[in-house]
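Listed in order, the protein sequences are those of chains A and B. Those letters in the first sequence? Residues 2 to 201, per this note's numbering, in order. Those letters in the second sequence? Residues -18 to 131, per this note's numbering, in order. Positions of the beta carbon are idealized from the N, C-alpha and C atoms, including for glycine. Each remark here refers to the structure printed beneath this line.
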Amino acid sequence: VFRALLEVMEDQSHSPPSAEKMDDLVVRARNNRTAFGELYDLYYTRIFRHCLRRLFQRDVAEDVTAEVFLNVARHMGSFAGQTHAEFLRWTHTIATNQINAYLRKSERRARLLEGAARRGVVEAGGQCSSQVDLALLDWPHVYQSLLKLKSRDQSIIVLRFFDAMSHSEIAAILNMQPGAVRAAERRALEKFRNDLGIES
Amino acid sequence: MNNHEEQFRSLLNELPFDGSPRSEHRGAVREQSLLAFDEAATQRLGPHSPELSPRRSLMIRPAALLGFVAALAAFCGGVLALINNWLPEQHEVAQLRGVAISDEELVAALDLLVEFDSSHDDLTFDQGIQICLVDHQFRHESNEVSPSDQ
Chain A
2 VFRALLEVME
12 DQSHSPPSAE
22 KMDDLVVRAR
32 NNRTAFGELY
42 DLYYTRIFRH
52 CLRRLFQRDV
62 AEDVTAEVFL
72 NVARHMGSFA
82 GQTHAEFLRW
92 THTIATNQIN
102 AYLRKSERRA
112 RLLEGAARRG
122 VVEAGGQCSS
132 QVDLALLDWP
142 HVYQSLLKLK
152 SRDQSIIVLR
162 FFDAMSHSEI
172 AAILNMQPGA
182 VRAAERRALE
192 KFRNDLGIES
Chain B
-18 MNNHEEQFRS
-8 LLNELPFDGS
2 PRSEHRGAVR
12 EQSLLAFDEA
22 ATQRLGPHSP
32 ELSPRRSLMI
42 RPAALLGFVA
52 ALAAFCGGVL
62 ALINNWLPEQ
72 HEVAQLRGVA
82 ISDEELVAAL
92 DLLVEFDSSH
102 DDLTFDQGIQ
112 ICLVDHQFRH
122 ESNEVSPSDQ
């Protein structure tokens, strides 16, 4: 019986909480330390991955992720949202602002680009060309093309293609209209594909 | 997302990418975040919360905003009342009018003087005095012959 009970508890700890429980957790986390800790555990990986997609280097992504969660912790008490979807949007807005602030300095962008180029050469076995064969396409090459886009367009591509967000969610994060996000995505995608050497 | 975009998305997501976080970093940031959360909660609720700036205080506290609006309204009302209630007294009006009239006479006299100067500027001082005396004599004689005498 004890083993069965342990298995049930383990199952419950691994299965994702229901939407109602998540919403409840967000509301409680405003003024409850334990609830905030749980919320952190649920969102840390997602935000870290988002930062890593945008910033390529692990140490940089870790620094920015830490900044994001410190900001979230400081302002959680005044967060007005009621649902986990609103919390996710808010957290991504903070992350996007932090990432764009980091990328605003051109020497930082150059350093990231250089790092990606170096890793790309290593992973592609010494091959380096601007036109990449699809079979040789790897993340460092994709990142180099991504970094050539405007910050706003980088955000749109990453939120849409890696975080699987809808146009309206992205619009809320970037403070744009959904139609404008759609149009910007179309243009950015064309540029991105062209740079990668993928035909539309 | 259309089929084309879906394919591109699959292609991007199938690329090898190590997005697993380091547990040490995760733990360290958790601690820092909880500490920041506690500090923010203490600042929000505790007795030693930092003083809000007047502008922020107005934005946050409805009572402060109401007080500010009331004070502003009282000030504006006071200024308006002061303007409306200040009416000059009767004797002040007469005095002001007298000043205006004497001003007008003074201006007329100055005009006459300027006119006299410009029309007689080719005369010598003695000739000018002579003309003034004749003029004065003429006015004096005219005044002596009053309408009642006629």
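The shortest CA-to-CA distance from K192(A) to any of L147(A), I95(A), R90(A) and S152(A) is the one to L147(A). Per DSSP, the unbroken alpha helix (DSSP H) holding H51(A) starts and ends at R34 to L56. Contact of G0(B) with chain A is assigned, a C-beta pair being separated by under 7 Å.
At a cut-off of 7 Å between C-beta atoms, D139(A) counts as an interface residue with respect to chain B. Using beta-carbon distances, T92(A) does not count as an interface residue toward chain B, since no partner is under 7 Å.
In the DSSP assignment, S14(B) falls within the alpha helix (DSSP H) that extends over S4 to L26. The three-state reading of DSSP puts R42(B) in coil, since its state is none of H, G, I, E or B. One alpha carbon belongs to K22(A), the other to L175(A), and they sit about 27 Å apart.
The beta carbon of N101(A) lies closer than 6 Å to those of S152 in the same chain, with the five residues before and after it left out.
Taking a beta-carbon distance threshold of 7 Å, R7(B) counts as an interface residue toward chain A. For the C-beta of Q13(B), the chain A residues within less than 7 Å are, from N- to C-terminus, A67 and L71. Beta-carbon to beta-carbon, L113(A) and L(-4)(B) are separated by about 17 Å, too far to satisfy the 8 Å threshold. Contact between the region 5 to 22 of chain B and the region 74 to 82 of chain A is present: 3 or more CB-CB pairs across the two stretches fall below 8 Å. Under the three-state reduction of DSSP output, Q178(A) falls in the coil class, being neither helix nor strand. The beta carbon of E96(B) is closer than 8 Å to none in its chain, skipping five residues each way along the sequence. Chain B has a Cβ within less than 7 Å of the Cβ of E63(A). Boundaries of the alpha helix (DSSP H) around P141(A): W140 to L148.
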